[in-house]
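Below is one structure, written out as structure tokens; comments come after it.
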Amino acid sequence: MVTIAQALARATSGAVSVDETAVSLRFEAELLLMNALGCSRASLLTWPEREISPSAHASFEQALSRRLAGEPIAYILGTKEFWDFDLVVSPAVLIPRPETELLVESALEIMTHREGIQHLLDLGTGSGAVAIALARAAERLRVIGTDLSTDALALARKNGTRLAGDNLGFLQGSWLSRELCAAIGEYWQADAAGLVDVIVSNPPYIAPGDPHLLHGDLVHEPALALSSDDAGLEAIKTIVIESKRVLKRGGWLLFEHGFDQRDAVAGLLRASGFDSIECLRDIAGQDRVTRGRLS
Ligand code: GLN
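The opening residue of the sequence shown carries number 1024 in our numbering; numbering runs sequentially from there.
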């Protein structure tokens, strides 16, 4: 039998970490071992001499080799932390990133100064991360998450049921196509035109062929969630134009975008009749979220 300390030492000795640093491999090996044993980090660190059952050890070794082959740790564990909750994730969805929390913060900041029922859309919801964070913020917010992918929506619904109340729903469709706008109206039993207060989206914004797509987790994530034609701007252009089908005058559109897309995105918003355009920086200091108000 192998002890916790031995399993971790073997996992990190001589192996080349996918993230290049021994520190991150040690950290990830701990996460995988916690998962195999169903225990906390405190328990790993407190009882390093504890022996591991052969079956737990085998599942740890198997998970570790998947990680060393480059598979994202979130897909191996099947969960990812976002905001104040843990989401179930699978290769059908983008792995939620910490910088996307800026999108949530920015939307909440807009809404805290207002009262009454507000209608919100999260376009391209993926795992449901953003929609769920918004729906959890206040009961009076009515939130719909949308996605083109049926597999993503199935997962988002599963996450939504567990993590949010019945003020959250999910609908399938492309951005704000006429069909989807009609479905939104039906869902909220109202005319969708001019109904929506805030639209958020973390759309695909990486240009096809961008070298970033060949590295790290992105290699394993769905292309639909990552890249967009027209230098990565196609989805954003469509959202800006189609948002006017449902957005109220004075309503807000916010989205995440690439670090070098700030000016292009601001230009698109301005050309489509948005004002109060502002770009926010993420924790790494990169231009990451832009918001604008429909005048
Ligand atoms: N809205 C989801 C997220 O932020 C998915 C985004 C996407 O698939 N592009 O994680």
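Glycine is no exception: its CB is placed at the ideal position from the N, C-alpha and C atoms.
Item	Value
heavy atom of ligand 3 below 7 Å from Asp1220 C-beta	Among the ligands present in this structure, namely ligand 1, ligand 3 is not found.
DSSP-derived helix/strand/coil call for Phe1083	helix
Proximity to Leu1164 [Cα-Cα], best of Asp1174, Leu1131, Leu1178, Thr1173	Leu1131
Integer Cβ distance of Gly1255 from Ala1230, believed to fall under 8 Å	4 Å
Cut-off 7 Å between Cβ atoms - residues of its own chain near Ala1115, not counting five sequence neighbours on either side	Ser1172, Asp1174, Ala1175, Leu1178, Pro1245
Sequence-distant residues of the same chain with beta carbon closer than 7 Å to Arg1180, five excluded per side	Phe1193
Distance between Arg1137 and Ile1118 (C-alpha atoms, nearest Å)	31 Å
Contact belief for Asn1182 with Leu1110 at Cβ below 8 Å, rounded distance in angstroms	5 Å
Gly1149 Cβ short of 7 Å to ligand 1 heavy atom set	yes
Sequence-distant residues of its chain with Cβ nearer than 7 Å to Ala1152 (five each side left out)	Phe1105, Leu1110, Pro1119, Thr1123
Backbone secondary structure at Gln1309 - three-state DSSP	coil
Closest residue to Ser1299 among Ala1307, Val1288, Leu1317, Ala1287 (Cα-Cα distance)	Leu1317
Asp1305 to Val1312 span [Cα, whole Å]	8 Å
Pro1226 beta carbon near ligand 1 (any heavy atom closer than 7 Å)	yes
C-beta atoms of Ser1266 and Pro1226 nearer than 8 Å	no
Through-space distance from Gly1274 to Ser1150, alpha-carbon basis	25 Å
Cα-Cα separation, Thr1148 to Asp1214	22 Å
Contact under 8 Å by Cβ, Glu1074 with Thr1026	yes
Residue environment, Leu1199, which counts as buried when at least 16 other CB atoms sit within 10 Å	buried
Buried/exposed call for Ile1140, threshold 16 Cβ in 10 Å	exposed
Pick from Val1269, His1238, His1280 that is closest to Glu1257, judged by C-alpha positions	His1280
Exposure of His1142, with buried meaning 16 or more beta-carbon neighbours within 10 Å	buried
Proximity below 8 Å, CB of Leu1277 to CB of Phe1297	no
Where the alpha helix (DSSP H) containing Val1263 begins and where it ends	1257 to 1266
Neighbourhood of Leu1247 by C-beta distance below 8 Å, restricted to the same chain and skipping five residues each side	Leu1171, Ser1172, Pro1227
Gln1284 burial status per 10 Å Cβ neighbour count (16 or more: buried)	buried
Beta-carbon proximity of Ile1167 to Leu1186, cut-off 8 Å	no
Those residues which DSSP pairs with Ile1222 across a bridge	Leu1144, Leu1276
Arg1089 vs Glu1051 beta-carbon contact at 8 Å	no
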